[in-house]
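In the working numbering, the protein residues as written are 4 to 316.
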Amino acid sequence: MSAPEILSTGSCVPTQVVTNEMLAQRVDTSDEWVFSRTGIHSRRHCSGGENGVAMAAQAARQALERAGVKPEEVGVCLVATFTPDFASPSTACLLQRELGLLEDTICFDLNAACAGFVYALHTAHSLLSGASRPYALVLGCEVISRVLDMDDRSTCVLFGDGAGAVLVRRREDACWHTVFGSRGDDMSIRVQGPGPEKAAVHMEGQAVFRFAVEVAEKSVRQLLEQEGIGIGDLDWIVCHQANARITEFLAKRLRADASLFYQNIDHCGNTSAASIPLALDELQRAGGLRKGMRVLLVGFGGGLTWAGALLRW
Ligand SMILES: CC(C)(COP(=O)(O)OP(=O)(O)OC[C@H]1O[C@@H](n2cnc3c(N)ncnc32)[C@H](O)[C@@H]1OP(=O)(O)O)[C@@H](O)C(=O)NCCC(=O)NCCS
Numbered sequence: 004m005s006a007p008e009i010l011s012t013g014s015c016v017p018t019q020v021v022t023n024e025m026l027a028q029r030v031d032t033s034d035e036w037v038f039s040r041t042g043i044h045s046r047r048h049c050s051g052g053e054n055g056v057a058m059a060a061q062a063a064r065q066a067l068e069r070a071g072v073k074p075e076e077v078g079v080c081l082v083a084t085f086t087p088d089f090a091s092p093s094t095a096c097l098l099q100r101e102l103g104l105l106e107d108t109i110c111f112d113l114n115a116a117c118a119g120f121v122y123a124l125h126t127a128h129s130l131l132s133g134a135s136r137p138y139a140l141v142l143g144c145e146v147i148s149r150v151l152d153m154d155d156r157s158t159c160v161l162f163g164d165g166a167g168a169v170l171v172r173r174r175e176d177a178c179w180h181t182v183f184g185s186r187g188d189d190m191s192i193r194v195q196g197p198g199p200e201k202a203a204v205h206m207e208g209q210a211v212f213r214f215a216v217e218v219a220e221k222s223v224r225q226l227l228e229q230e231g232i233g234i235g236d237l238d239w240i241v242c243h244q245a246n247a248r249i250t251e252f253l254a255k256r257l258r259a260d261a262s263l264f265y266q267n268i269d270h271c272g273n274t275s276a277a278s279i280p281l282a283l284d285e286l287q288r289a290g291g292l293r294k295g296m297r298v299l300l301v302g303f304g305g306g307l308t309w310a311g312a313l314l315r316w
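Have a look at this one:
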């Protein structure tokens, strides 16, 4: 029996705010169309010298400072991302350099698209049992603007950039529950890899919508059953911020109050693996998270892949 204890959070978003009105100057869209279908008003996109490693470093520094933990006490550093600055070195290794983490720190990136943060949290927790030091930095960090086709109105309005971090310690006297799943035969979200074709996100929006609601509902129900509690016993559900309507559908299916679901999609857009830790950091800074609260995380996206976790704050 053991569980990850999240000790602190941190986040960083780029300075440039991209509103729906700004996008409407380039493609045939409107604030009304985008907001009514997604809940998004604006998102942030990297500009100038901004990049993933710099955002990740700022988010990680905040998490370390807020917990009063020094970089040399960190044993594991994982970054969930599908849009790293470099295919290699990993963002985690570049973060090691930026933060001055010790040489025997376990550092790597993992890609489970929008479910990546929960995969990274689970992996970091497992690795901590054999690590040299007791703390893990777990991040989601994305620069999705670098793979967007800004002339494709069906995808360019959906995504934003950002980084979120948590600092985790392994607790042996607690337990948590997780669920994971993948459907590798379904390519309804694709991002073109390196090659002659222009990098771009391709998505069959309605199929992805149905998938997201289905697996998020299933994950929440499985986690509640594993813990032996009802939906009313939860303090927060923090879903991957893909679309406010996905969350609304999910709340209806679970017969849950919409206020149980933390949402920040209106000003962040879909930041893939960064969305859950970004939301946790906002929630923490707003004073919404207190020790002992039951928090359920659920991510879903490209792969297709999904992951959920039920933990105590
Ligand atoms: C993407 C999404 C908002 C599209 O909404 P939709 O109601 O399904 O829209 P459709 O794709 O069926 O397109 C309907 C029309 O709107 C148009 N349209 C698409 N994007 C538009 C935009 N930004 N502005 C205006 N019109 C747009 C389409 O071209 C289409 O026009 P047509 O009927 O003339 O061909 C919706 O499918 C969705 O939210 N899907 C889930 C996406 C998601 O969250 N993915 C990430 C999961 S990790």
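Even for Gly, the Cβ is constructed at its ideal location relative to N, Cα and C.
Being a predicted model, the structure only gives us computed values, none of them experimental.
Assigned secondary structure, residue i (DSSP; H/G/I helix, E/B strand, else coil)
{"i": "aspartate 112", "result": "strand"}
{"i": "leucine 151", "result": "coil"}
{"i": "glutamine 225", "result": "helix"}
{"i": "threonine 274", "result": "coil"}
{"i": "arginine 13", "result": "Residue 13 is actually glycine in this sequence, not arginine. Reduced to three states, the DSSP call for glycine 13 is strand."}
{"i": "tyrosine 138", "result": "strand"}
{"i": "glutamine 195", "result": "coil"}
{"i": "glutamine 19", "result": "strand"}
{"i": "glycine 119", "result": "helix"}
{"i": "glycine 235", "result": "helix"}
{"i": "alanine 6", "result": "strand"}
Neighbourhood of residue i by C-beta, 8 Å cutoff - its chain only, sequence neighbours within 5 removed
{"i": "valine 223", "result": "Ile234, Ile240, Leu253, Leu257, Leu299, Val301, Gly311"}
{"i": "isoleucine 317", "result": "Nothing can be reported for residue 317, as the shown portion of the chain is limited to 4 through 316."}
{"i": "alanine 261", "result": "Thr250, Glu251, Ala254"}
{"i": "threonine 32", "result": "Asn23, Leu26, Arg156, Val160"}
{"i": "lysine 73", "result": "Leu67"}
{"i": "glutamate 220", "result": "Leu253, Arg256, Leu257"}
{"i": "glutamate 175", "result": "Met4, Ser5"}
{"i": "glycine 208", "result": "Ser157"}
Neighbourhood of residue i by C-beta, 6 Å cutoff - its chain only, sequence neighbours within 5 removed
{"i": "alanine 202", "result": "Val150, Gln195"}
{"i": "glycine 305", "result": "Ala116, Ile192"}
{"i": "glutamate 285", "result": "Asn267"}
{"i": "valine 146", "result": "Cys49, Gly55, Thr86, Asp164"}
{"i": "asparagine 114", "result": "Phe85"}
{"i": "cysteine 110", "result": "Cys80, Ala95, Cys96, Gln99"}
{"i": "leucine 237", "result": "Arg297, Leu299"}
{"i": "leucine 263", "result": "Ile240"}
{"i": "glutamate 53", "result": "Pro17"}
{"i": "threonine 41", "result": "Asn246"}
{"i": "alanine 139", "result": "Val79, Ala127, Leu131, Val171"}
Span of the beta strand (DSSP E), counted from its first residue to its last, around residue i
{"i": "cysteine 304", "result": "Rather than cysteine, the amino acid found at residue 304 in this sequence is glycine. Run containing glycine 304: 297-304, per the beta strand (DSSP E) assignment."}
CB-CB length for residue i against residue j, believed under 8 Å
{"i": "aspartate 112", "j": "threonine 86", "result": "Contact flag wrong, Cβ pair sits at about 10 Å."}
{"i": "glutamine 5", "j": "arginine 173", "result": "Checking the sequence shown, residue 5 turns out to be serine, not glutamine. 6 Å between Cβ atoms; contact."}
{"i": "valine 16", "j": "glycine 165", "result": "4 Å"}
{"i": "isoleucine 9", "j": "valine 171", "result": "6 Å"}
{"i": "arginine 315", "j": "alanine 177", "result": "6 Å"}
{"i": "valine 169", "j": "leucine 283", "result": "7 Å"}
{"i": "leucine 142", "j": "alanine 63", "result": "6 Å"}
{"i": "arginine 46", "j": "glycine 272", "result": "3 Å"}
{"i": "leucine 313", "j": "glutamate 228", "result": "Actually they are not in contact, since the Cβ atoms of leucine 313 and glutamate 228 sit about 10 Å apart, beyond 8 Å."}
{"i": "histidine 44", "j": "histidine 243", "result": "Histidine 44 to histidine 243, Cβ: 19 Å. No contact."}
{"i": "serine 14", "j": "proline 280", "result": "7 Å"}
{"i": "alanine 277", "j": "cysteine 144", "result": "6 Å"}
Range of the contiguous alpha helix (DSSP H) that encloses residue i
{"i": "arginine 315", "result": "Unbroken run through arginine 315 is the beta strand (DSSP E), 308-315; no alpha helix (DSSP H)."}
{"i": "cysteine 242", "result": "First-last for cysteine 242: 239-242, but that is the beta strand (DSSP E), not the alpha helix (DSSP H)."}
{"i": "leucine 326", "result": "Nothing can be reported for residue 326, as the shown portion of the chain is limited to 4 through 316."}
{"i": "arginine 156", "result": "156-159"}
Residue i CB to nearest heavy atom of ligand 3 below 7 Å
{"i": "glutamine 209", "result": "What this structure holds is ligand 1, not ligand 3."}
Contacts around residue i, its chain only, beta-carbon distance under 7 Å, and the 5 residues preceding and following it disregarded
{"i": "glutamine 287", "result": "Thr12"}
{"i": "histidine 205", "result": "Arg193"}
{"i": "arginine 136", "result": "Glu76, Val77, Gly78"}
{"i": "valine 37", "result": "Asn23, Ile43, Val160"}
C-beta neighbour in chain B for residue i, strict 8 Å
{"i": "lysine 73", "result": "In the structure shown, chain B cannot be found, because there is only a single protein chain."}
Complete beta strand (DSSP E) runs within the stretch 33-106 (minimum length 3 residues, chain order): 45-48, 77-83
My parser needs the alpha helix (DSSP H) runs of 4 or more residues fully inside the stretch 161-212; what are they? none
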